[in-house]
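Engineer:
In our numbering, the protein residues as written are 1 to 111.
Below, the structure written as structure tokens:
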């Protein structure tokens with residue numbers, strides 16, 4: 001690896017800091033979306049249960065409860081997806097922080 005000038009080091013540090021900020025924003029947004037989806041999934045689960053309870057004596061009770069139950073399953077799938085994206089973003093942010101620490105250790109003295 002060739003030696004970098006102090007100006008190049010500053011540019012590299014700035015680039016890594018921007019990448020870190022973007023990654024942390026992605027992790028936060030994904031976690032917030034997953035939280036909203038958890039609330040929606042809870043509502044859909046309760047709605048499906050309530051529909052089955054209300055139409056307990058009817059033969060089509062399970063048919064009535066099927067759409068909210070299927071939407072519940074879709075919400076769970078998206079919750080798992082967003083949790084995975086948030087986890088990967090956190091891992092990426094940790095990697096960037098380690099890179100920044102390593103680069104700062106190797107930084108040349110200002111001359």
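Note that CB positions come from ideal geometry on N, CA and C, so glycine has one too. Quick caveat, the model's predicted, so the values are computed rather than measured.
Grouping DSSP H, G and I as helix and E and B as strand, with all else coil, what is residue 60?
Structural biologist: Within the chain shown, numbered from 1, the residue matching residue 60 stands at position 60. Residue 60 falls in the coil class under three-state DSSP.
Engineer: May I ask you to verify whether the region 14-23 touches the region 43-62, counting CB pairs closer than 8 Å and requiring at least 3?
Structural biologist: Flag = no, the region 14-23 and the region 43-62 do not touch.
Engineer: Contact check, residue 51 vs residue 64 under 8 Å by CB: the rounded distance?
Structural biologist: Mapped onto the chain shown, residue 51 falls at position 51. Mapped onto the chain shown, residue 64 falls at position 64. Confirmed, Cβ separation roughly 5 Å.
Engineer: Given this structure, state the Cα-to-Cα distance separating residue 95 from residue 27, to the nearest angstrom.
Structural biologist: Here residue 95 is taken as the residue at index 95 of the chain shown, counted from 1. Here residue 27 is taken as the residue at index 27 of the chain shown, counted from 1. Rounded to the nearest angstrom, the two C-alpha atoms are 14 Å apart.
Engineer: Tell me the DSSP secondary structure of residue 45 in three-state form.
Structural biologist: Numbered from its first residue, the chain shown carries residue 45 at position 45. The answer is helix: DSSP assigns residue 45 an H, G or I state.
Engineer: Quick check on DSSP: helix, strand or coil for residue 1?
Structural biologist: For the purposes of this step, residue 1 is taken as the residue at position 1 of the chain shown. Confidence at residue 1 is low in this model, with a pLDDT of 46, below 50, so the placement of that residue should be treated as unreliable; the coordinate-derived value is given next. In the structure shown, residue 1 sits in coil (DSSP, three-state: anything other than H, G, I, E or B).
Engineer: Quick one: what does DSSP say residue 72 is sitting in, helix, strand or coil?
Structural biologist: Stepping through the chain shown from its first residue, residue 72 is reached at position 72. Residue 72: helix per DSSP, three-state reduction.
Engineer: Is residue 41 closer than 8 Å to residue 75 when the C-beta atoms are compared?
Structural biologist: Taking the first residue of the chain shown as position 1, residue 75 is located at position 75. Taking the first residue of the chain shown as position 1, residue 41 is located at position 41. A contact, by the Cβ cut-off of 8 Å.
Engineer: Using only alpha-carbon positions, find the residue among 3, 24, 30 and 6 that is nearest to residue 84.
Structural biologist: Taking the chain shown and counting its residues from 1, one reaches residue 84 at position 84. The shortest C-alpha separation from residue 84 is found at 30.
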